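Each remark here refers to the structure printed beneath this line.
Protein chains: 2
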Amino acid sequence: MTDAAHIAERYIAAWNETDAQRRQRLLAETWTPDATYVDPLQRGVGLDQISAMIGAVHDRFPGFTFTLAGEPNGYGDYVRFSWGLGPAGADAPIKGSDVAMLDGGRLRSIIGFLDQVPG
Amino acid sequence: MTDAAHIAERYIAAWNETDAQRRQRLLAETWTPDATYVDPLQRGVGLDQISAMIGAVHDRFPGFTFTLAGEPNGYGDYVRFSWGLGPAGADAPIKGSDVAMLDGGRLRSIIGFLDQVPG
């Protein structure tokens with residue numbers, strides 16, 4: 000697995016973790032403590048805010064999971080990948096693409112974009 | 000024209016400017032003085048480096064021009080867009096997608112990715 004794919008898979012795993020304690024542990028392993036996240040709907044600074052933000056997405060879309068779409072790729076400290084969010088086994092109604100900036104192999108800053116949202 | 004489209008068009012205009020003095024002026028109007036650029040092949044910090052980097056691309060691909068592909072979009076201080084680089088009137092052999100971070104409406108940081116390169 001490439002570094003980009005590995006990073007993207009660990010990123011998606013944290014987004015799919017509904018247990019707050021396990022999610023915090025995944026974030027601590029993979030993200031820097033001062034990591035930032037932004038997308039058109041939300042932003043978070045630091046792992047507590049980012050974990051709460053992910054929890055709020057699960058509250059809003061119970062049972063939905065994130066899946067990677069296509070092949071993550073990147074270079075140096077930059078990774079990009081696309082994803083879907085939807086009920087297990089169904090075509091994802093929500094799709095997006097993220098760009099991640101790394102620091103020492105950990106996620107330091109994520110910029111998220113939405114590619115598809117339900118009308 | 001949306002802000003994202005306007006920013007992307009001015010960005011592409013600077014990349015297409017072969018005259019170093021005019022290019023420096025375009026960069027000064029649209030980018031912050033400490034702007035940074037990175038892609039898989041090159042990086043630049045500050046307008047002098049970025050202008051020299053663009054000049055080197057013209058030296059390497061004489062007569063090639065950049066064109067926007069699809070619709071630029073974004074939110075807040077973030078813009079993304081795709082582009083092609085090739086001879087005028089031909090299908091672009093080189094394609095990429097960039098994410099731009101703005102500061103006060105000016106380009107402060109660009110992360111470029113390559114979507115297609117000749118084999």
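For the protein sequence lines, the chains are P and U, in the order given. Here the first sequence is numbered in numbering that gives the first Met the number 0, starting from 0 and rising by one per residue. Here the second sequence is numbered in numbering that gives the first Met the number 0, starting from 0 and rising by one per residue. Using N, Cα and C, we set each Cβ at its ideal position, and we do this for glycine too. Predicted model, so just to flag it, every value in this text is computed and none were measured.
Per-residue DSSP class, three states only, for residue i
i: residue 17 of chain P; result: coil
i: residue 115 of chain U; result: strand
i: residue 64 of chain U; result: strand
i: residue 40 of chain P; result: coil
i: residue 99 of chain P; result: strand
i: residue 90 of chain U; result: coil
i: residue 54 of chain P; result: helix
i: residue 76 of chain P; result: coil
i: residue 31 of chain U; result: strand
Closer than 9 Å at the beta carbon, the chain U residues around residue i
i: residue 79 of chain P; result: 96, 98, 110, 112
Where residue i meets chain U, residues with beta-carbon distance less than 7 Å
i: residue 74 of chain P; result: 39
Residue nearest to residue i in terms of C-alpha spacing, selected from the options
i: residue 2 of chain U; options: U:94, U:78, U:107; result: U:78
i: residue 15 of chain P; options: P:46, P:108, P:4, P:53; result: P:53
i: residue 110 of chain U; options: U:8, U:35, U:4; result: U:35
i: residue 59 of chain P; options: P:102, P:108, P:17, P:12; result: P:17
i: residue 96 of chain U; options: U:107, U:103, U:104, U:116; result: U:116
i: residue 57 of chain U; options: U:13, U:80, U:4, U:118; result: U:13
i: residue 5 of chain P; options: P:99, P:49, P:43, P:32; result: P:99
i: residue 104 of chain P; options: P:112, P:75, P:71, P:47; result: P:75
Do the region 78-92 of chain P and the region 57-70 of chain P touch if we need at least three Cβ pairs shorter than 8 Å? As far as the Cβ criterion goes, the region 78-92 of chain P touches the region 57-70 of chain P, which means the pair count is three or higher.
Touching by the beta-carbon criterion (3+ pairs, under 8 Å), the region 14-29 of chain P and the region 87-100 of chain P: no
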